[in-house]
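Just below is one structure, and these are the notes that go with it.
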Amino acid sequence: MTDKADYAVTKSEAEWRKELNPEQFRVLRQHGTERAGTSPLNAEKREGVFVCAGCGKPLFDSQTKYESGSGWPSFYQPREGAVGTSTDNSLFMTRTEVHCAECGGHLGHVFPDGPQPTGERYCMNGAALKFEKAK
Ligand SMILES: [Zn+2]
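In my numbering, the protein residues as written are 3 to 137.
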């Protein structure tokens, strides 16, 4: 486990609750998962960047987004140094959990069944992201 103090952005639970809406808080701070197909970001195809809903760090470029059919926004590559991973043994499976490198907020999981060039599928909760359209 990574200690909370390792992150550049650290806030108390009360502070996060104030800044985030309930769904964002549940996903980012409590490792929740949004219901598949519910995020408006699934259909976001404009050019821009997806940033962390918790701290605003740019995480994924729109060029790396693709349609995985999973019902969650999917990317084949994060921006360099933008995310960290840890092993998640919940739900009786071993998965690789993905979090924001800046605030530690939970984003989703990464699976080895994505498209080239990386072969990775970053399966993200739309609630953990915000889209900023390119100007
Ligand atoms: Zn963050």
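Don't be surprised by glycine CBs; every beta carbon is placed ideally from N, CA and C. Only a predicted model underlies this, so the values are computations on that prediction, with no experimental measurement involved.
Top-ranked residue by Cα proximity to residue i, from the options
i, options, result
"A130", "D8, S41, Q65", "S41"
"V85", "P117, A103, S64", "A103"
"W74", "C105, H108, G128", "G128"
"S72", "L43, P24, P119, T96", "L43"
"G107", "S92, V53, E46, G39", "V53"
"Y68", "K135, K13, G121, A136", "G121"
Per-residue DSSP class, three states only, for residue i
i, result
"G128", "helix"
"E36", "coil"
"D8", "helix"
"T89", "strand"
"P117", "coil"
"R19", "helix"
"A136", "coil"
"P60", "strand"
"E25", "helix"
"R97", "strand"
"R48", "coil"
"R81", "coil"
Nearest-angstrom Cα separation, counted from residue j out to residue i
i, j, result
"K59", "H111", "18 Å"
"V11", "E17", "12 Å"
"M3", "T66", "Caution applies to M3, whose pLDDT of 44 falls short of 50 and renders its modelled position unreliable; the value that the coordinates give is listed next. Rounded to whole angstroms, M3 to T66 spans 28 Å at the Cα level."
"C125", "R48", "19 Å"
"F62", "D8", "22 Å"
"S1", "K132", "The requested residue 1 does not occur in the structure, where the chain is confined to residues 3 to 137."
"S76", "P114", "12 Å"
"G83", "H101", "11 Å"
"E134", "P80", "15 Å"
"F94", "K137", "44 Å"
Nearest-angstrom beta carbon gap, residue j and residue i [assumed within contact, 8 Å]
i, j, result
"R123", "S70", "6 Å"
"G50", "L30", "At roughly 20 Å, the Cβ-Cβ gap does not stay under 8 Å, so G50 and L30 are not in contact."
"L78", "G116", "Sequence check: residue 78 is Tyr here, not Leu. Yes, Y78 and G116 are in contact; Cβ-Cβ is about 5 Å, under 8 Å."
Please list, in chain order, all residues with a C-beta atom less than 6 Å from at least one heavy atom of ligand 1. C54, G56, C57, K59, C102, E104, C105, G107
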